[in-house]
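J.: With positions in the sequence shown counted from 1, the corresponding number in the numbering used here is that position plus 213. We treat Cβ as the ideally placed atom computed from N, Cα and C, and that holds for glycine. The structure that follows is given in the form of structure tokens.
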Amino acid sequence: MNKKKTNQTKEIGERYYSGELKFPFQFEDFNCREPTEMPRRFFPNVKKLDYRSAIKADVSKLRVSAWQDMPRCWYIDAWFDCGKCGKEYCWTAKVQQVWFERFHIMSEAFPKLCPECRRKKRKLTLALAKFSEASKNALLRSTDLETKKQALAILEEIEKLSETDLTRRLQEKREILTRQIERMTSFEN
Ligand SMILES: [Zn+2]
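If you want it as structure tokens, here you go:
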């Protein structure tokens, strides 16, 4: 094994504890001078990489697991198929830079879904949290029609975003809410 290979298989934690690496890590600490040297594991299942788009990472800003041999030293436009809708999408070098340097996502992470499916998933998580918060406020026992209507709207959004039937628990809540709203509005009229 040549020297370069030996260095690349050394884990960051080991190099750090031996004193070879110091915080904050620098680009030069790692054997990845060219974008083409980026190990493929940073882009699993990638269909195409456009090396002309490569942006050098500010390694000092990255979060790195101790068991990695290097952080993500380069950001490169990468094309994948979405794991959900199957559509091809580009994870751009610029977006990667934001993920890892601004949001400090672990530098070995990579997307499994296209931006649209990721947006939907985020919205769904938010809607579920919103409904669970609404439920805490004794939603089904409440006498406020507006609160119930809002909760029902959230449930409808959840169903739309998840593109599948609601769980049984949520279906039951929806049925109860619908009945209650019907009763309350018929009483009002
Ligand atoms: Zn998708």
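Quick one: Cα of residue 383 to Cα of residue 345, how far?
T.: If you take the alpha carbons of residue 383 and residue 345, they lie about 10 Å apart.
J.: Would you be able to state if there are at least three C-beta pairs under 8 Å between the region 358-375 and the region 386-400?
T.: Yes, they touch.
J.: Decide yes or no for the touch test of the region 315-325 against the region 249-260: beta carbon pairs closer than 8 Å, at least 3 of them.
T.: Verdict: yes, contact present.
J.: Compute the Euclidean distance between the alpha carbons of residue 317 and residue 232, then round it to the nearest angstrom.
T.: Computed Cα separation, rounded: 24 Å.
J.: For residue 353, which three-state DSSP category applies?
T.: Three-state DSSP puts residue 353 in coil, outside helix and strand.
J.: Buried or exposed: which applies to residue 288, given that a residue is buried once 16 or more other Cβ atoms fall within 10 Å of its Cβ?
T.: With 16 or more Cβ atoms within 10 Å of its Cβ, residue 288 is classed as buried.
J.: Ligand 1 and residue 372: does the residue's C-beta get closer than 7 Å to at least one heavy atom of that ligand?
T.: Every heavy atom of ligand 1 is 7 Å or more from the Cβ of residue 372, so no.
J.: Could you tell me if the beta carbon of residue 329 falls within a distance shorter than 7 Å of some heavy atom in ligand 1?
T.: Correct: residue 329 has its Cβ closer than 7 Å to ligand 1.
J.: Let me know the secondary structure DSSP gives residue 218 once reduced to three states.
T.: Any reading at residue 218 must be qualified, since the residue scores a pLDDT of 48, below 50, and its modelled position is unreliable; the value itself is stated next. If DSSP states are grouped into helix, strand and coil, residue 218 belongs with the helices.
J.: Does the Cβ of residue 235 have 16 or more other Cβ atoms within 10 Å, making it buried, or fewer, making it exposed?
T.: Exposed, because fewer than 16 other Cβ atoms sit within 10 Å of the Cβ of residue 235.
J.: Considering just the uninterrupted stretch of the alpha helix (DSSP H) at residue 370, what are its terminal residues?
T.: 358-375 is the span of the alpha helix (DSSP H), which, as asked, contains residue 370.
J.: If you measure between the beta carbons of residue 248 and residue 264, is that distance less than 8 Å?
T.: A contact, by the Cβ cut-off of 8 Å.
J.: Classify residue 352: buried if its beta carbon has 16 or more other beta carbons within 10 angstroms, exposed otherwise.
T.: Buried: at least 16 other Cβ atoms inside 10 Å.
J.: Could you check if residue 357 is buried or exposed, using at least 16 other CB atoms within 10 Å of its CB as the buried criterion?
T.: Per the 10 Å Cβ criterion, exposed.
J.: Would you say residue 347 and residue 370 are within 8 Å of each other, going by their C-beta atoms?
T.: Cβ atoms of residue 347 and residue 370: not closer than 8 Å.
J.: Is residue 388 helix, strand or coil when you go by DSSP?
T.: In this structure, residue 388 counts as helix in the three-state DSSP scheme.
J.: Tell whether a beta-carbon distance below 8 Å holds between residue 225 and residue 281.
T.: Closer than 8 Å, so yes.
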